[in-house]
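Notes to accompany the following structure.
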Amino acid sequence: MATYSDCLKGEGTFMFNVVSKKTPRLDAEAKVKGLEKFASDIALPGMLYAVVLRSPYPHAEILRIDTSEAEAMGAVCLTPDDVPDVLYNERGVSIPAKTYRDRRVLPRKARHYGEAIAAVAAESEELAWKALKALKVEYKVLPPVLDPIKAIEPESAQLYERVFFGEEEIAIKNNIACEREITVGDADKAIASSDFVVEEEYELPRVYHFQLETKSAVCNPEPDGSLTIWCTTQSIHNVRILIGSIFGIPLSKVNVKKIPVGGSFGSSIQMNSIIPICAALALKAHRPVKLVSSREEDMYDHCKYPSRIRLRVGVNKDMSIQGVEAEVLVDIGAHQIQAYPLLGSMAGWLVSLYKWKNIKYRSRAIYTNKVPACAMQGYGNPQMNFAVESHVDLICEKCGFDPIEFRLKNHVGIGDEFWGQGPTVRSIIKSCGLEESLKTGSELINWKERGHPINKTGRYRRGIGLARGFHTSSAGAPGPAEVIDYSGATVKVNEDGSVDVLTAVMDLGGGTWDAIAKIVAEVLGLPLEKVSLSPVDTRTTVYDVCTHASRGVFAGGGAAYKAAQEVKRKILEVSSVFLQEHPENLELVFDPKRNDAVIRPKGVPFKSMTLGEVARNAMVTGLGSIAATVSFRQKTCPPSFVTNFVEVEVDTFTGIVKLLRAVCIADCGTPINPDGVKGQLIGSLARYGGYALCEETEYSEQGRLKCEGFITDNKIFTTEEMPFLNNIVVHFTNTYEPTGPLGAKGIGEAAGNSVASAIANAVYNAIGIRFTRLPITPEKVLEALRGKEA
Amino acid sequence: MINCEYLKPVDLQEALKFASQFADRARFAAGCTNILPDIHTGKLRDCVLIDISDLKELTGINREDDFISLGSATTVAELLNSEIIRNEAPVLWEAASRFADPVVRNRATVGGNLAYGSPASDMSVPLLVLDATVLVQSMEKGIREIPLRNFFVGPGKTVLSPSEVILRIKFEPLSDFKFYYTKFGKRNAMAISIASLAVGIKLGKAIEEARIALGALAPIPLRALRTEEFLTGKPVQTEILEKASEILLSEINPISDIRGSKEYRLELTRALFLRAVNNILSLK
Ligand SMILES: Cc1cc2nc3c(=O)[nH]c(=O)nc-3n(C[C@H](O)[C@H](O)[C@H](O)COP(=O)(O)OP(=O)(O)OC[C@H]3O[C@@H](n4cnc5c(N)ncnc54)[C@H](O)[C@@H]3O)c2cc1C
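Quick note, the sequences are listed as chains W and E, same order.
Taking my numbering, the leading residue of the first sequence gets -1, the next gets one more, and so forth.
Taking my numbering, the leading residue of the second sequence gets 18, the next gets one more, and so forth.
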């Protein structure tokens, strides 16, 4: 099979002209100059400003809200009585029958500190704040449930009595939000009869997404009775569907605009809770309303899933794994955003890492009075990866195996089944760069010289660690599944031969829009500057589910690829009239001399027309516009494999762990934007360096974030914590995904899943201490070192 | 309800008059990097802000005979850009370079940093080790000179009365000392100190004089006077330094908070102290 580098050289099925080449970001100038308009930049004439009243208690019934004083100040007030009595789930990615619904636009009971319980809109932000202070709320304070282990004890307070699962109303017992079990073979028996059994429990912290843009929305009720929405989101169509169903408005009268998002990391997969609040205020006021979250509010809106994972693995002396038992407990906070599919996905990440043969997987999601957890770059994968990749090193250490050989022997690869999004989303792996990654990476980091912790002494001790991971590209599968996954695109040729692309796919800052433009340019033989992405909305695009699951390029780009192919077919058809040739005899290629797409009879270069000439002729002769719209579902979910090697230095006097060097190796098939892929890998190194070493948003006993929502005490990595740039090596394996657009797979989430695991393994290699709980702060390192000495 | 007024005096005399007139409500406002967050979070509700950021008596970095004199409204960025500070007070320059980030450094002032009285104040540690003196003035008390050593009283508390403004900060550069400054936070940039430490040593055949200042390790930034005394006249030997670090730990009184536990801070202090001394010795 041809690889992407063959295509670059012109030896593959394609000769790449645009794809896989470095191109400047299409939005670079607007962003650098501060001209890009995000939701919070939208301002409309006559607009009101909204602010939200947030619960000062982690758990309290709201008995009464007196709005009279605020209303007398001229503010429009919104209380639980003013919103539709509808329970919704903010995430529209799972099919409705597999979706839990437990929340209202404004609740009758606050279930976490900082939960929105009322809102006001006024002529100015200042007046809105004054009016907000004038709201009088009577609470009945309830005991909070903060510890997920204690939450399931019968004497604990209950967050919910009943919620909906699909259309069925179900009872919630002991704060258990949902459970999933998966069994393959007989793990107990297989483990009992193995040569070695290795058991350990791992714990992953609560961290905040820290996307640059805080969640924002502007809603405008239009004269025709429709509602226009500009908001921070990863899915304009799902926002539209939810707003339509909550407020009972036909979808043709809800229009969500596609605008840039200032980063997300998964925090806006769901329709953000402020959007329906803003919409309800706009509908009540009959005026445009703007609602922008502060950083503190944003930190009280979402977090990554904190998880505990216990693993018990049986292996034989020949390095073959016999079985795994995994127990997972996830603290989901106050609402189910996507706990049920998360538990399924975590099972998928587990089973797709290694050939366990026998599997017993039990998982539980627990409600607590804390910020609701939601997807965050990897969707349970970094958590599972940390447990499994730490455990693999533990097994190798205990049984005397070589960590690279063990991984090579047992990993899931080409021809095996991959679970892209839980048990119902599966496909067969057709491309895999893992073997190459391990080989190249170990050479680049000098793996053989890493030494053993026993032999390391002195104040500063260095260690090298490795972990490998992957992430799915989309939730595509051969048949219908629990997860909705399809996309769409319109491609149209303009009258001068330039091209407009209409897609609902969101770009979260990673360069998805560039990739889509490049794919279309490549298929149509055009230079990139002749392809533009149109500003669109839900009215002008066909459905795309969401930019999540690393599907933007693979599924969104896949739909654009399909539409471009359809347009190409039509171009050849129309050209055949002018060139007096059968369409089958014609080809559409990029002509470097003219820097344009040309249509010519195959092998007859002098008899050619540019795409512009064809489009103009079609206009003059009345043959019409050349365009196509497709709705397209990917039928596979190919994994992108990423392997991380890192070197750390531990200061045994202070406990500080410094990241010295990193090698990031990615198999993402064809890297459509090579600089973009590199950016994802290095960005994820920073993101998950923080996850490994410093990030955590802990709760106080009063049920409030210890950092109070301030960034002062919630540290993510800066460039200062990163290795110097020349100590970061990025390498792409030479693969080509046959089911992806021009050979591409995803990268966004794969880039980060194994970083923290590699760092923890490197710390072990430096000081011989295995940390099973993140983050590995200097304080914990020192404590562990003292414990070891004692 | 937030109730803050803003006044812009034309000169120092007017500033002092306003301060005296509004008494307890008066607040001198310099870079406002402490004041604005405090207003935002409701810690500061009722006040009259008196803008002193460009009063000429409070600005400029000058040499005056043997002393370097800083206006209290000098920003951290101005310290970093000053040749005088870089060449003659490198310990202060080093601390400035580790202060917050460039955006905050453009606004944050030295006077504001001292007057706010945070135990983690990053300007106080290098200035303490330089044994700086603070020049203050008010209508009621006139001009006073206060050694910085005696300036801090408790977390957020200093000897300043509400109507008293810091005019300038003065210190001798001490060219015969070698200094070392180190700050430890949750990360390298833009972090509040978990512990910070500055050490100055005048070395002859033995240690002729030692100065040690610490931040975030007690209710106030402080000098470790007993450790200094112990080290004076002692030879540089591992046992001596070990003993010194033990005395040092008995002089501090760190708390446990979200940034670090008491035990960790104690451990850290020992490590930072030894690192500082080793650095100074290899610097000579
Ligand atoms: C994002 C951020 C990061 C920060 N990082 C650090 C850090 O790394 N290290 C650190 O030490 N601090 C840090 N701070 C705290 C703050 O920036 C400093 O304390 C700063 O030096 C205060 O100076 P200012 O001019 O802004 O003070 P202001 O906010 O203007 O004033 C602070 C207080 O001092 C009083 N005051 C100001 N000037 C005088 C004067 N001349 N005479 C008498 N009283 C006066 C005011 O009345 C007020 O009570 C940080 C703050 C922020 C917001």
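Don't be surprised by glycine CBs; every beta carbon is placed ideally from N, CA and C.
Predicted model only: the values in this text are computed from it and were never measured.
Ligand 1 has no heavy atom closer than 6 Å to the beta-carbon of S435 of chain W.
Taking a beta-carbon distance threshold of 7 Å, K203 of chain E counts as an interface residue toward chain W. Close to Y281 of chain E, with beta-carbon spacing below 7 Å, are these residues of chain W in chain order: E777 and L780. In the DSSP secondary-structure assignment, T226 of chain W is bridged to W:N218 and W:N253. For A227 of chain E, the closest Cβ of chain W is not nearer than 7 Å. Interface annotation, F769 of chain W: not in contact with chain E, CB-CB separation never under 7 Å. Runs of the beta strand (DSSP E) lying entirely within the region 632 to 680 of chain W and spanning at least 3 residues, in chain order: 638 to 649 and 655 to 665. A Cβ-Cβ separation of about 3 Å places G342 of chain W in contact with G420 of chain W under the 8 Å criterion.
The DSSP-derived three-state label of A43 of chain E is strand.
Counting along the chain, no beta strand (DSSP E) covers E95 of chain E; the unbroken alpha helix (DSSP H) around it starts and ends at V93 to N98.
Under the criterion of beta carbons closer than 8 Å, D665 of chain W and G431 of chain W qualify as touching, at roughly 3 Å. Under a criterion of Cβ atoms nearer than 9 Å, the residues of chain E adjacent to F715 of chain W are, in order, R204. Against chain E, a Cβ distance below 9 Å from E719 of chain W picks out R204, N205 and A206. Residue-level contact by beta carbon fails for T634 of chain W and chain E, as no gap is shorter than 7 Å. Rounded to whole angstroms, the separation of the alpha carbons of Q334 of chain W and R178 of chain W is 14 Å. Under the three-pair Cβ rule at 8 Å, the region 352 to 372 of chain W counts as touching the region 176 to 196 of chain W.
Listed by position along chain E, the residues whose Cβ is nearer than 7 Å to that of D711 of chain W are I275 and R276. F35 of chain E carries a helical assignment under DSSP once its states are collapsed to helix, strand and coil. Note on A660 of chain W: 16 or more other CB atoms within 10 angstroms of its CB, so buried under the neighbour-count rule. Put simply, the CB of E246 of chain E is far from chain W, with every gap to its CB atoms at 7 Å or more. The C-beta of Q375 of chain W has 16 or more other C-beta atoms within 10 Å across all chains shown, which makes the residue buried. Distance from the Cα of K187 of chain E is smallest, within the candidate group E:I269, E:N79, E:D193 and E:R42, for E:N79.
Between K20 of chain W and chain E, the shortest Cβ-Cβ separation is not below 7 Å. DSSP places C176 of chain W inside the beta strand (DSSP E), whose first and last residues are I174 to V182. Here F162 of chain W has L85 and R99 as same chain residues with Cβ atoms under 6 Å from its own Cβ, once five neighbours each way along the sequence are excluded. Here the alpha carbon of R702 of chain W sits roughly 8 Å from the alpha carbon of E696 of chain W. A288 of chain E has a beta carbon lying within less than 7 Å of a beta carbon in chain W.
With a 10 Å radius around the Cβ and a threshold of 16 neighbouring Cβ atoms, D28 of chain E comes out exposed. Residues of chain W whose Cβ lies closer than 7 Å to the Cβ of L285 of chain E are, in chain order, T652. The beta carbon of V16 of chain W is closer than 7 Å to those of K516, A519, E520 and L526 in its chain, skipping five residues each way along the sequence. Annotated as distal: V93 of chain E and A47 of chain E, with beta-carbon spacing of 7 Å or more. Counting only runs that start and end inside the region 72 to 126 of chain W, the beta strand (DSSP E) elements of at least 3 residues fall at 74 to 76 and 114 to 120.
Between S440 of chain W and the set W:A465, W:T455, W:I452 and W:W417, the nearest pair of CA atoms involves W:A465. If you draw a straight line from the Cα of G744 of chain W to the Cα of H546 of chain W, it is about 10 Å long. Note on geometry: alpha-carbon atoms of L309 of chain W and V328 of chain W lie some 15 Å from one another. Within chain W, not a single residue places a beta-carbon under 9 Å from that of I272 of chain E; the smallest gap is close to 14 Å.
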